[in-house]
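Student:
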Amino acid sequence: MKGSFNLSDWALKHQSFVWYLMFVALLMGVFSYMNLGREEDPSFTIKTMVIQTRWPGATQEETLKQVTDRIEKKLEELDSLDYVKSYTRPGESTVFVFLRDTTSAKDIPEIWYQVRKKIDDIRGSFPQGLQGPAFNDEFGDVFGSVYAFTADGLSMRQLRDYVEQVRAEIRSVPGLGKVEMIGQQDEVIYLNFSTRKLAALGIDQRQVVQSLQSQNAVTPAGVIEAGPERISVRTSGQFASEKDLANVNLRLNDRFYRLADVAEITRGYVDPSTPMFRFNGKPAIGLAIAMQKGGNIQDFGKALHQRMDDLTADLPVGVGVHKVSDQAEVVEEAVGGFTSALFEAVIIVLVVSFISLGVRAGLVVACSIPLVLALVFVFMEYSGITMQRVSLGALIIALGLLVDDAMITVEMMITRLEKGETKEQAATFAYTSTAFPMLTGTLVTVAGFVPIGLNASSAGEYTFTLFAVIAVAMLVSWVVAVLFAPVLGVHILSSKVKPHNAEPGRVGRAFNGGMLWAMRNRWWAIGITVLLFVASVFSMQFVQNQFFPSSDRPEILVDLNLPQNASINETRKAVDRLEAIIKDDPDIARWSTYIGQGAIRFYLPLDQQLENPYYAQLVIVSKGLEERGALIARLQKRLREDFVGVGSFVQPLEMGPPVGRPIQYRVSGKDIDQVRKHAIELATMLDKNTHMGEIIYDWNEPGKVLRVDIAQDKARQLGLSSEDVAQLMNSVVSGASVTQVHDDIYLINVVGRAEDAERGTPETLQNLQIVTPNGTSIPLLAFATVRYELEQPLVWRRDRKPTITIKAAVRDDMQPTDLVKQLKPEIDTFSAALPVGYKVATGGTVEESGKAQGPIAKVVPLMLFLMATFLMIQLHSVQKMFLVASVAPLGLIGVVLALIPTGTPMGFVAILGILALIGIIIRNSVILVTQIDAYERDGYTPWDAVVEATEHRRRPILLTAAAASLGMIPIAREVFWGPMAYAMIGGIIIATLLTLLFLPALYVAWYKIREPKKEQA
């Protein structure tokens, strides 16, 4: 290396500048740490758009063929499309656009623009009377702060006024994004007519509507140009309240009628209700608040809390304001926990360093850690990485690895000091002998995390900061080890170090004995290792599998699914029963209820549900994690026993991309009836499995409809059209908007409908009297017949095929992935027996896990290529490259030994840890092989070079293993990191044994090295 640039030597010659760099790095690190954004979890993009269209009066079949199918067909032209999913109700179409999981987040805004353009291209082909389509590409917006407003002694209208006031006032909070109201019920003024009375008076309801609309119209009355002035002319007559309506005189059939004399006028709320919101069982209005993208949630939370406290103090007695969800509070607690774990890990690593290296050498390593962390914090701030579960976990994982470089530098300096060299010479030699092997090892370790960094799926987006933080931490640790550690060592280490000739201790003697036995009995050592590896591969089938674990937050989600033709009032009654059960439960802190819709997205990985009258969701906050588990078990039992006929699902919040019910099978085909038949057969088969929880369908049951068959010839003779009859029936049964009343900031619809007695039963239509254009009244049955039919109230499709999804949870502690694996033979047999054109596909956890792991598998060849390239650059030998690489898979032995006894499942994050282990094992191996080469160049025999190099590297390898494995203890208790921590701890321990015992045996076997005869003697 003579003549080549020596960075450590340069640092020693420019110590003042290096000290300055260290000071600046620490200072910038402190400021960056203070400025870093805080989050509970890393963000990822929900790659879904919702397109909603309404066609009032159309049947489900008409809406499907004329609206949904046209939209789906056009969307098939989208390049990034994964699949299209839709549900169609009578007069309502909802289409979900799902992009491929590998679609880049930065491309999504442009793709949504293309979706809008494509649908605009076919607007001319839609039927008349269509409303929309409306596009929602903000499906993934998170409303982290949700407040519930309740009222004692006030009407819902009065409460809404106060909520609107608060909504306007909080606009001044810095960083405020979207604000939405939840559960507000729109006011309506009802004109309840008696159809019999109108018929007896010869009054056509349409005449009443036209008269009211003409009086209430807002029409310009002109502008007078009076010299220098422009004077607008205004007319009165617009309705301001229901009293104005009551006093209206109508001229009908040459007679005058007061509106109050021909209709009962009442003011109330929309009936049937729109989606409702409750807090602790009380009717409430929710205010959901989102922060602007890129904001600091803790700063925003403090400002919002202060503003809400000020506004709440001004509200009248009787108005209660309650926190439903507070992301700032959750993030503060979560980041606090993660930060504590980080500092625990730092302390553990420091203790290991001081105990193993001594005070002075340990102090050099201890000083290196804050320098590395400071520079990583600077990188995180400038790259937009926040402090959250994944990035802080990455720092903890990196801690045990990053001290290795500093330890190697210090160890080498001490070795040279023992030989009598000066501290400057020792530091310079440390760079010459170890810098590039360390760099190669570092790059190989970083390459082990490449599949995480280049995973283009949503799960990869979620875990990307794991790669970014560890990669930067490892590279920075190398820079610190060769630039800063030599300067620190020169000032901290003693210049006089006694030669270390003492006999090794018990641990050292044990390792030396084991190493020599393995080298002398190389084929036994290799055979035992291979046997253990084969056993570990076989034992992998006994390791449980999962995608992501459940969240460690206290919330519980309770879903209620009634039959699909159930009204929202029937859903409310089911909720009433459940709330009566939980209201006095001692394990519940609070709960909120969403009736007719799912909870607003207060948590990014929420599997959000749209409006459905037969659906309700409760978000129950338990008092702690222990209470959460007991509460889930109690709720599941009560729901099974007391809510027969109601599909229920109780689960904690998810982590990672949302899945919903973990067990899902999709049955699809051409004919709806056949799809229903096969779905029921499959569900019956699944229900026989004792591990299977309650099974529900996303749609299945047909509902009753009343079909009115109009004799067209008779109707035309009477001067009536089908449109006239349909409009009249709609106004009688459901009510039709007549006009609007302007009340402050609200527009209140005036709805005409039949009185309660006449619209309460299906028999209403049979007795309906129709007023013809000439004023005569005839019964509907004079020119029409009324009969019952069965019709699908809802049809789900996937890629334009009717698809029923069978959903279930697991009844016991079995992992969903393992249950699906157990069911696979039966599912395959069932699917093979289906007619051509019908199929069963597996969804849920297994499908999402496959989407996440597929991109990883594609990147693994690149990871192996990078590792091989780095090894070749360092070793310059294909044989040595394969020798080092052959050790890497053997870390699986430790993974299995760690996971099976602890019952820890193999999840997505654990798989990432196993991939990272490959780099860690190769790192130690390449440094050991490089050390062997160095001893051979110094004149050692091949056998002695292997022995001396292994003994020389033993302490740094053991220290790194201790630091890395013990440093992960703080995150081993975390739900998210536990599986990865256990896998890596087990793998690192075994990797240490492999490097110190198996690799020497493999090396001497590979190169056919024999022990010298003099040593045998």
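Heads up: the sequence shown begins at 4 in the numbering used here, then just goes up one per residue.
Even for Gly, the Cβ is constructed at its ideal location relative to N, Cα and C.
#1: Smallest Cα separation from asparagine 9: which of Lys1016, Ser461, Asn548, Ala484?
#2: Using C-beta distances below 7 Å, list every residue in its chain close to alanine 592, excluding the 5 sequence neighbours before and after it, in chain order.
#3: Among the candidates Glu75, Gly663, Thr425, Arg604, whose CA atom is the shortest distance from the CA of lysine 810?
#4: For glutamine 428, which residues in the same chain have their Cβ closer than 7 Å to its Cβ, ignoring the five residues on either side in sequence?
#5: Do you know whose CA, among Val149, Ala202, Val839, lies nearest glutamate 183's CA?
#6: Which same chain residues, not among the five before or five after alanine 718, have their C-beta less than 6 Å away from its C-beta?
#7: For the alpha helix (DSSP H) containing serine 928, list its first residue and its last residue.
#8: Is the stretch 289-302 close to the stretch 134-151, with three or more CB pairs under 8 Å?
#9: Hey, how far is the Cα of tyrosine 36 from the Cα of glutamate 384?
#10: Enumerate in chain order the residues of its own chain whose CB-to-CB distance from glutamine 677 is below 7 Å, with the five nearest sequence positions on each side excluded.
#11: Report the residue from Gln188, Asp257, Gly180 whose alpha carbon sits nearest the alpha carbon of arginine 163.
#12: Any chance the stretch 869-881 sits against the stretch 959-972, with 3 or more Cβ pairs inside 8 Å?
#13: Flag this pair as yes or no: are the beta carbons of methionine 884 and leucine 878 separated by less than 8 Å?
#14: Going by the beta-carbon positions, is the gap between leucine 628 and valine 561 smaller than 8 Å?
#15: Let's see if you can read the secondary structure: which residues bound the alpha helix (DSSP H) around alanine 171?
#16: Using the Cβ count rule (16 or more neighbours within 10 Å means buried), how would you classify tyrosine 116?
#17: Which residue's Cα is closest to the Cα of aspartate 312: Gln18, Val176, Lys499?
#18: Which value, in whole angstroms, describes the spacing of the CA atoms of leucine 1005 and alanine 967?
#19: Where does tryptophan 526 land, buried or exposed, given buried means 16+ other C-beta within 10 angstroms?
#20: Please name the residue, chosen from Lys499, Ala409, Ser480, Ser460, that lies closest to glycine 423 on a Cα-to-Cα basis.
#21: For alanine 397 versus leucine 318, is the C-beta distance shorter than 8 Å?
#22: Which residues does DSSP pair with aspartate 746 in a beta bridge?
#23: Buried or exposed: where does leucine 865 fall if 16 or more other Cβ atoms within 10 Å of its Cβ makes it buried?
#24: Going along the chain, which unbroken runs of the alpha helix (DSSP H) with 4 or more residues stay wholly within the stretch 684-767?
#25: Shortest alpha-carbon distance to valine 849 belongs to which of Lys804, Phe911, Ser11?
#26: Where does methionine 637 fall in DSSP's three states?
#27: Figure out for me which residue from Leu262, Thr269, Phe138, Leu157 has the closest Cα to the Cα of valine 191.
#28: Determine whether the beta carbon atoms of alanine 1 and glycine 180 lie at a separation below 8 Å.
#29: Count the other CB atoms within 10 Å of the CB of histidine 494; is the residue buried (16 or more) or exposed (fewer)?
#30: Write down the C-beta distance between threonine 91 and glutamine 63 rounded to the nearest angstrom, noting that I regard them as a contact closer than 8 Å.
#31: Whose C-beta lies closer than 6 Å to the C-beta of glutamine 818 among residues of the same chain, with five residues either side of it excluded?
#32: Are there 16 or more other CB atoms within 10 angstroms of the CB of aspartate 815, so buried, or fewer, so exposed?
#33: Around the C-beta of proline 973, are 16 or more other C-beta atoms found within 10 angstroms, so that it is buried, or is it exposed?
#34: Taking C-alpha atoms, which residue in Ala888, Ile917, Lys68 lies nearest to valine 453?
#35: Relative to the alpha-carbon of alanine 913, which residue among Glu951, Ala975, Tyr938, Ile924 has its alpha-carbon at the smallest distance?
#36: Answer with buried or exposed for tyrosine 791, where buried requires no fewer than 16 other C-beta atoms within 10 angstroms of its C-beta.
Tutor: Here's the rundown:
#1: Start at 1 with the first residue of the sequence shown, and residue 9 comes out as number 6. With respect to the C-alpha of asparagine 9, the residue from Lys1016, Ser461, Asn548, Ala484 having the closest C-alpha is Ala484.
#2: Walking along the sequence shown from the start, residue 592 turns up at place 589. The beta carbon of alanine 592 sits closer than 7 Å to those of Val624, Ser625, Lys626, all from its chain and outside the five residues before and after it, given in chain order.
#3: In the sequence shown, counting from the first residue as 1, residue 810 sits at position 807. The option with the nearest alpha carbon to lysine 810 is Gly663.
#4: On the sequence shown, position 425 is the one that residue 428 refers to. Same-chain partners within the cutoff: Arg419.
#5: Numbered from 1 along the sequence shown, position 180 holds the residue referred to as residue 183. Measuring from the Cα of glutamate 183, the nearest candidate turns out to be Val149.
#6: Taking the sequence shown and counting its residues from 1, the one referred to as residue 718 is at position 715. Contacts found: Phe786.
#7: Residue numbering aside, residue 928 sits at position 925 when the sequence shown is read from its first letter. From DSSP, the alpha helix (DSSP H) with serine 928 extends over 911-940.
#8: Contact between the stretch 289-302 and the stretch 134-151 is present, with at least three C-beta pairs closer than 8 Å.
#9: Mapped onto the sequence shown, residue 36 falls at position 33. Mapped onto the sequence shown, residue 384 falls at position 381. Distance between the alpha carbons of tyrosine 36 and glutamate 384: 8 Å.
#10: By 1-based counting over the sequence shown, the position of residue 677 is 674. Cβ neighbours of glutamine 677 beyond the five flanking positions: Tyr841.
#11: Here residue 163 refers to the residue found at position 160 of the sequence shown. Among Gln188, Asp257, Gly180, the Cα nearest to that of arginine 163 belongs to Gln188.
#12: no
#13: For the purposes of this step, residue 884 is identified with residue 881 of the sequence shown, where counting begins at 1. For the purposes of this step, residue 878 is identified with residue 875 of the sequence shown, where counting begins at 1. The Cβ atoms of methionine 884 and leucine 878 sit closer than 8 Å to each other.
#14: Numbered from its first residue, the sequence shown carries residue 628 at position 625. Numbered from its first residue, the sequence shown carries residue 561 at position 558. No, the Cβ-Cβ distance between leucine 628 and valine 561 is not below 8 Å.
#15: Taking the first residue of the sequence shown as 1, we reach residue 171 at position 168. Counting along the chain, the unbroken alpha helix (DSSP H) around alanine 171 starts and ends at 159-172.
#16: In the sequence shown, counting from the first residue as 1, residue 116 sits at position 113. Result: exposed.
#17: Indexing the sequence shown from 1 puts residue 312 at position 309. Distance from the Cα of aspartate 312 is smallest, within the candidate group Gln18, Val176, Lys499, for Val176.
#18: Residue numbering aside, residue 1005 sits at position 1002 when the sequence shown is read from its first letter. Residue numbering aside, residue 967 sits at position 964 when the sequence shown is read from its first letter. Using only the alpha carbons, I get a separation of about 25 Å.
#19: Numbered from 1 along the sequence shown, position 523 holds the residue referred to as residue 526. Exposed: under 16 other Cβ atoms inside 10 Å.
#20: Position 420 of the sequence shown, counting from 1, holds the residue named residue 423. Residue Lys499 is the option with its Cα nearest to glycine 423.
#21: Locating residue 397 in the sequence shown gives position 394, where the first residue counts as 1. Locating residue 318 in the sequence shown gives position 315, where the first residue counts as 1. Going by C-beta atoms, alanine 397 is not nearer than 8 Å to leucine 318.
#22: Here residue 746 is taken as the residue at index 743 of the sequence shown, counted from 1. Aspartate 746 pairs with Tyr749.
#23: Mapped onto the sequence shown, residue 865 falls at position 862. Exposed is the call here.
#24: 715-720, 725-736, 759-762
#25: Taking the first residue of the sequence shown as position 1, residue 849 is located at position 846. Closest option to valine 849, Cα to Cα, is Phe911.
#26: Position 634 of the sequence shown holds residue 637. Here residue 637 is arginine; the residue named in the question, methionine, does not match the sequence. Of the three classes helix, strand and coil, the one that applies to arginine 637 here is helix, per DSSP.
#27: Taking the sequence shown and counting its residues from 1, the one referred to as residue 191 is at position 188. Among Leu262, Thr269, Phe138, Leu157, the Cα nearest to that of valine 191 is on Thr269.
#28: No answer is possible for residue 1: it lies beyond the span of the chain, which begins at 4 and ends at 1020.
#29: Within the sequence shown, the letter at position 491 stands for residue 494. Looking at its Cβ environment, which holds fewer than 16 other Cβ atoms inside 10 Å, histidine 494 is exposed.
#30: Here residue 91 refers to the residue found at position 88 when the sequence shown is read from its first residue. Here residue 63 refers to the residue found at position 60 when the sequence shown is read from its first residue. Going by Cβ atoms, the distance from threonine 91 to glutamine 63 rounds to 6 Å, so yes, they are a contact pair.
#31: Residue mapping note: residue 818 aligns to position 815 of the sequence shown, counting from 1. So the list reads Gln547, Asn548, Gln549, Pro908, once near-sequence residues are dropped.
#32: The residue given as residue 815 occupies position 812 in the sequence shown. Exposed: under 16 other Cβ atoms inside 10 Å.
#33: Taking the first residue of the sequence shown as position 1, residue 973 is located at position 970. So proline 973 ends up on the buried side.
#34: Position 450 of the sequence shown, counting from 1, holds the residue named residue 453. Taking only the C-alpha atoms, the option nearest valine 453 is Ile917.
#35: Taking the first residue of the sequence shown as 1, we reach residue 913 at position 910. Minimum Cα distance to alanine 913 is reached at Ala975.
#36: Here residue 791 is taken as the residue at index 788 of the sequence shown, counted from 1. Looking at its Cβ environment, which holds fewer than 16 other Cβ atoms inside 10 Å, tyrosine 791 is exposed.
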